[in-house]
Amino acid sequence: MYLYTLLAALLAIVLIFVAPLRAKVWVATSLISAAAVGAIYLVVRTLLLGDVLLATFSTDMFGAERLSVDPVSALFLAIISITSVATVLYSKGYVEGYLKRFSPTHISLHYTALVLLVVSMMLVVVSSGGFSFLFSWELMTIASFILILFEADRHEVRRAALNYLVMMHIGFMFLVAGFVMLHGVTGSANFEAIECYFKVAKPLPLFIIFFIGFGMKAGLFPMHIWLPEAHPAAPSHVSAIMSGVMIKTGIYGVLRLLQAIDHNTELLYAIGLIVLLAGIVTGLWGVILAAMQNDIKRLMAYSSIENIGVILIGLGVAAVGHAAGSNLIGMCGMCGALLHVVNHSLFKSMLFFSAGNIYSRMHTTSMSQMGGLAKHMPVTAILMLFATVAICALPPLNGFVSELLIYIGMFNGVSDGHEVLYAIGGIIALSLIGGIVVLAFSKLYGVVFLGSPRSTHVAESTEVDNQRIAAMAIPAMLILVIGLLPQLAIRPIALVAEAVTGGDSAFAVAAFTPTLTALSYVGIILILVIALLYVAKRRAQLKRKIESGPTWGCGFTAPNIRMQYTGESFSEGLENIGRPLLKNMVDGRSVDKGEIFPKQHNYEVQHKDKVDSLLGMWWVRLMHRINMYVMRLRTGRVNNYVTFALLFLAVVLIFTLVGIL
Amino acid sequence: MLIKLLNTLLMIVVALSITGVINRTRAILAGRKGIRFFQHIYNARLMLSKGAVYSPTTTVLFRIAPCVYLGAAIVAFLFIPIADLEPILSFHGDIILVAYLLALSRIAIVLAALDTGSSFEGMGAAREALYGALVEPALMMALATLALFCGYSSFADIFATAQETDTNLTIVMLLLAYVFLIIMIIESGRVPVDDPRTHLELTMIHEVMCLDYSGIDLAMINIAGWLKNAIWAVIAANAVSVVVCFHWEFATPLAILGTGITIGCIESLRARNKLSRNITYILTIVAMSALVLLTGFLLYQNIDI
Chain A
1 MYLYTLLAAL
11 LAIVLIFVAP
21 LRAKVWVATS
31 LISAAAVGAI
41 YLVVRTLLLG
51 DVLLATFSTD
61 MFGAERLSVD
71 PVSALFLAII
81 SITSVATVLY
91 SKGYVEGYLK
101 RFSPTHISLH
111 YTALVLLVVS
121 MMLVVVSSGG
131 FSFLFSWELM
141 TIASFILILF
151 EADRHEVRRA
161 ALNYLVMMHI
171 GFMFLVAGFV
181 MLHGVTGSAN
191 FEAIECYFKV
201 AKPLPLFIIF
211 FIGFGMKAGL
221 FPMHIWLPEA
231 HPAAPSHVSA
241 IMSGVMIKTG
251 IYGVLRLLQA
261 IDHNTELLYA
271 IGLIVLLAGI
281 VTGLWGVILA
291 AMQNDIKRLM
301 AYSSIENIGV
311 ILIGLGVAAV
321 GHAAGSNLIG
331 MCGMCGALLH
341 VVNHSLFKSM
351 LFFSAGNIYS
361 RMHTTSMSQM
371 GGLAKHMPVT
381 AILMLFATVA
391 ICALPPLNGF
401 VSELLIYIGM
411 FNGVSDGHEV
421 LYAIGGIIAL
431 SLIGGIVVLA
441 FSKLYGVVFL
451 GSPRSTHVAE
461 STEVDNQRIA
471 AMAIPAMLIL
481 VIGLLPQLAI
491 RPIALVAEAV
501 TGGDSAFAVA
511 AFTPTLTALS
521 YVGIILILVI
531 ALLYVAKRRA
541 QLKRKIESGP
551 TWGCGFTAPN
561 IRMQYTGESF
571 SEGLENIGRP
581 LLKNMVDGRS
591 VDKGEIFPKQ
601 HNYEVQHKDK
611 VDSLLGMWWV
621 RLMHRINMYV
631 MRLRTGRVNN
641 YVTFALLFLA
651 VVLIFTLVGI
661 L
Chain B
1001 MLIKLLNTLL
1011 MIVVALSITG
1021 VINRTRAILA
1031 GRKGIRFFQH
1041 IYNARLMLSK
1051 GAVYSPTTTV
1061 LFRIAPCVYL
1071 GAAIVAFLFI
1081 PIADLEPILS
1091 FHGDIILVAY
1101 LLALSRIAIV
1111 LAALDTGSSF
1121 EGMGAAREAL
1131 YGALVEPALM
1141 MALATLALFC
1151 GYSSFADIFA
1161 TAQETDTNLT
1171 IVMLLLAYVF
1181 LIIMIIESGR
1191 VPVDDPRTHL
1201 ELTMIHEVMC
1211 LDYSGIDLAM
1221 INIAGWLKNA
1231 IWAVIAANAV
1241 SVVVCFHWEF
1251 ATPLAILGTG
1261 ITIGCIESLR
1271 ARNKLSRNIT
1281 YILTIVAMSA
1291 LVLLTGFLLY
1301 QNIDI
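Heads up: the sequence lines are chains A and B, in that order.
Everything in the first sequence is counted per the working numbering, starting at 1 for the first residue and increasing by one.
Everything in the second sequence is counted per the working numbering, starting at 1001 for the first residue and increasing by one.
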């Protein structure tokens, strides 16, 4: 399998490298589209006819493994295909601006990595575990590392990419440890063996090791700190695919773990609580930090963390619900979480595409430079508004459908008396997340697209090319379909949910259909009412006097643009509450209250995550000290090195004689 | 069908009269003659027949926002039953939909306020977004308490399964009515959180966001405000009438007079909070709501055992 993968990868590399500069994107597009079409075929076949076996082979390290598609893989294959096609379509316009700045090799490397990322993500979700899983997982990490490094001439990009690489390998170590433990006990390192492991050995240690390993990729608190660094550094279409689908492979891993708990109620309950708690903390932390950010892509990165939290809350509700013996609650939580995986991949990629449009015109992602962009980039503004409403989980779009299902699960828990306190905890967290996300995204949209321009660049920006708009329209269409026809979307989702934790998909579909059908009608009614009101208003205004006058300045006649409300001031109230989570980097001095005639001040504040400072604490300095000592061994003299090698051999010899090795 | 129409009709009556009752109460308490009972409706009619002034800073979003604001409120309005009557729309889970429809109307008006580019409207928008976010858990917990006692998650079912009166239910429902009343005060921006009659834009919340609206748009925003008031007033009145007398003939006047007179008295008798105290005030309601839920949970466990 590795040989074939490497050969295919080599072929892709050769094709992309030999293609002329402007055709490279088309080679990448056709390769990714071919993979996507194949994947979609597998998805349809799996969901209609059942599991598909692709290949079986044996590995030296972990024994027999295979590639196969089951409903869980199918769901992830579907979102990978959709997002990656949109991404590669989008990338043409985005990369075009860099064709002169970078060498053709650089561009080729970028597209090769993009193709590899897509292929490796597909391999991740079809491998049965063990070596092939780790192989594709690592390939995914390296491909995304190269993608983040696109603008490698910027210092912060190199820093973020390195940070990402280190964090991912810490996570990778946990996964390796997990698979080795699994193989040691059961003799097989496939995901199916976990079920056996849970029966014969203590399950929680293995679960926690895997959970940390997968959580690192997903951006689970407190391992989320790579996300807000990597996304502002990466090109926007890379952020879109990373945030939209790559971090979901972490969720995929958690799903495989949940799948392995077979009717072991006690374990399911314990794991459900862990996942629910992790979801609540991750979601709240992510959303509060998101609302503080003044950089478009950092805000979106934190919002991804928040959405991972929401998904985990759903999974936790599902596990606790099944453990409590309620099929309905379990299905509500699981369907909600799975649908949210799909939904988030759609609106988050759209949001990052919008950020890319803005960046390619404004050459910055700092919100304090923007304002009033809607007049210059109207189509981007409309599409971004659409994604904003969707991510705020507002009806009638798709984000609401998935959160509604999770809510219904928790409300059922309350009303049936199943684990009421946990359900209440989930309800409080989810409603607070829902409220603050509205604040965060109204800030983002309002400061970037509305109001008066805060810099002269705004006036020079123009709408982006049609291909990028078309790429954004793909997720937009699906958002609308899931939002307005949720009763259709629930059928495949329920099938996948059944494959994860059991339960009855037909029952779930029957239970949800009345609600979702009603929701679909309400969505249509809502749109009709709004349209009717607008048309009526326009008709009434036709014959009346419509004037244009300056914004009311409350009696002040010389307002200027610098007096406009900024993103920082918009979230100031929340900052007062959320201060314990933050570490503010202040540059300069703010105007003091006692200063009656303030002089000129320079004041810049950055809201850093408090967890960030974990990387600057004593153990990092300790490592640094240790490294200093170790570096003394590097003398540069060959005779010393030969001594070291000899010493090493002697140690191995002694160990072997004693019988440790 | 007739019941549903009656319900909607009564809801409209509630929506139209609460503001009148508040104004009358305030006038009587201040010893003034006061304005006509339906003055606010005449004002709205006047605004509906006027033209409009739009700032050149604004985009099309500014003109659509009032329609979204009103549209979402109308749809939410259709889900609310008065005591034993049935609402036009109802499904399992609609209590969550209503909360999120109100959030939709909130984001519409917040974005519209930011669209004007005015610093004053930005202030109002920031406050509205923050208070809305903080009050959401209180609302959800209050709804969860209802779900705990009545076992359903749609407004129509919750109030239709009124149980026979017992002390526990009475305590919880009266507390819930209080929580809903305070939520109404926060959401509609009345004293002590916000003062609609204040003269200083710097301290306004809701009113400052509609500074640039005129004519039909302003009328739409006002009408949406009435509808939202009616939603909260009727839910609070339903909670009371569940334990006193579960009948629309009792609940409708209670919704109008109860909330109207209470809010009128509060506005006449106490000053508004300092703005920095508002967050504490809202968090107190969240805590209160959590307490009600916990009390309810304990009492509910007792009933079962």
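Cβ coordinates follow ideal geometry from the N, Cα and C atoms, glycine included.
Contacting residues, own chain, Cβ-Cβ under 6 Å from residue 56 of chain A (five flanking each side not counted):
66
Step through the CB atoms of chain A and report whether any lies within less than 8 Å of the CB of residue 1092 of chain B.
By this cut-off, residue 1092 of chain B is an interface position.
With distance defined between alpha-carbon atoms, name the residue in B:1033, B:1106, B:1081 and B:1008 nearest to residue 1095 of chain B.
B:1081
Helix, strand or coil: which one does DSSP assign to residue 597 of chain A?
coil
Closest by CA to residue 397 of chain A, which one among A:527, A:209 and A:565?
A:527
Check this for me: beta carbons of residue 573 of chain A and residue 1279 of chain B, under 8 Å apart or not?
Taking 8 Å as the cut-off, the Cβ atoms of residue 573 of chain A and residue 1279 of chain B count as close.
Output the boundary residues of the alpha helix (DSSP H) element that contains residue 348 of chain A.
Per DSSP, residue 348 of chain A belongs to the alpha helix (DSSP H) from 327-362.
When the Cα atoms are used, what is the spatial distance from residue 1025 of chain B to residue 554 of chain A?
One C-alpha to the other measures close to 30 Å.
Three-state secondary structure assigned by DSSP to residue 501 of chain A:
helix
Does DSSP put residue 209 of chain A in a helix, a strand or coil?
helix
Check whether residue 1068 of chain B and residue 1105 of chain B have beta carbons under 8 Å apart:
yes
Between the Cα of residue 1151 of chain B and the Cα atoms of A:529, A:284 and A:409, which residue gives the shortest distance?
A:409
Name, please, each residue of chain A whose Cβ falls closer than 7 Å to the Cβ of residue 1201 of chain B.
554
Contacts that residue 339 of chain A makes with chain B (C-beta to C-beta distance below 9 Å):
Under the 9 Å cutoff, chain B gives no residues; its nearest Cβ is about 14 Å from residue 339 of chain A.
DSSP on residue 1053 of chain B, reduced to helix/strand/coil?
Residue 1053 of chain B: strand per DSSP, three-state reduction.
Spell out whether any CB of chain A is found under 8 Å from the CB atom of residue 1245 of chain B.
no
N-terminal and C-terminal residue of the beta strand (DSSP E) that residue 1238 of chain B is part of:
Careful: residue 1238 of chain B lies outside any beta strand (DSSP E), inside the alpha helix (DSSP H) at 1215-1243.
Could you tell me the distance, in whole angstroms, from the CA atom of residue 329 of chain A to the CA atom of residue 506 of chain A?
Distance between the alpha carbons of residue 329 of chain A and residue 506 of chain A is about 15 Å.
Run the CB neighbour count on residue 1128 of chain B, radius 10 Å, all protein chains shown included, and call it buried at 16 or more, exposed below.
Counting C-beta atoms within 10 angstroms of its own C-beta, residue 1128 of chain B has 16 or more neighbours from the protein chains shown and is therefore classed as buried.
With a 10 Å radius around its C-beta and 16 neighbouring C-beta atoms as the bar for buried, classify residue 1366 of chain B as buried or exposed.
Residue 1366 of chain B is absent from the model: chain B starts at 1001 and stops at 1305.
What do you reckon, are the CB atoms on residue 404 of chain A and residue 319 of chain A nearer than 8 Å?
no
Cα-Cα separation between residue 64 of chain A and residue 129 of chain A, rounded to whole angstroms
10 Å
Using a cut-off of 9 Å between C-beta atoms, extract the partners of residue 514 of chain A located in chain B.
1091 and 1092
Neighbour flag for residue 1057 of chain B against chain A, beta carbons, 8 Å
yes
Where residue 1152 of chain B meets chain A, residues with beta-carbon distance less than 7 Å
415
Who are the Cβ neighbours of residue 380 of chain A in its own chain at under 6 Å, not counting the five residues just before and after it?
354 and 357
Cβ closer than 7 Å: which chain B residues qualify as neighbours of residue 395 of chain A?
1097, 1100, 1101 and 1104
For residue 652 of chain A, which of helix, strand or coil comes out of DSSP?
helix
Any beta carbon of chain A sitting closer than 8 Å to that of residue 1173 of chain B?
Taking 8 Å as the CB threshold, residue 1173 of chain B stays off the interface with chain A.
In this structure, how does DSSP classify residue 128 of chain A when only helix, strand and coil are distinguished?
coil
For residue 658 of chain A, which three-state DSSP category applies?
helix
Assign residue 63 of chain A to one of three DSSP states: helix, strand, or coil.
In this structure, residue 63 of chain A counts as strand in the three-state DSSP scheme.
Which chain B residues are close to residue 20 of chain A, counting only those with a beta carbon under 7 Å from its beta carbon?
The contacting residues do not exist; residue 20 of chain A stays about 42 Å from chain B at best.
Residue 1305 of chain B by DSSP, collapsed to three states: which one?
With a pLDDT of only 44 at residue 1305 of chain B, under 50, the local geometry of the prediction cannot be trusted, and no value is derived from it.
Closer than 7 Å by beta-carbon distance: list the chain B residues that pair up with residue 665 of chain A, in chain order.
Residue 665 of chain A lies beyond the range of chain A shown here (1 to 661); nothing can be said about it.
First and last residue of the alpha helix (DSSP H) that includes residue 1034 of chain B?
Element bounds for residue 1034 of chain B: n/a, residue is neither H nor E.
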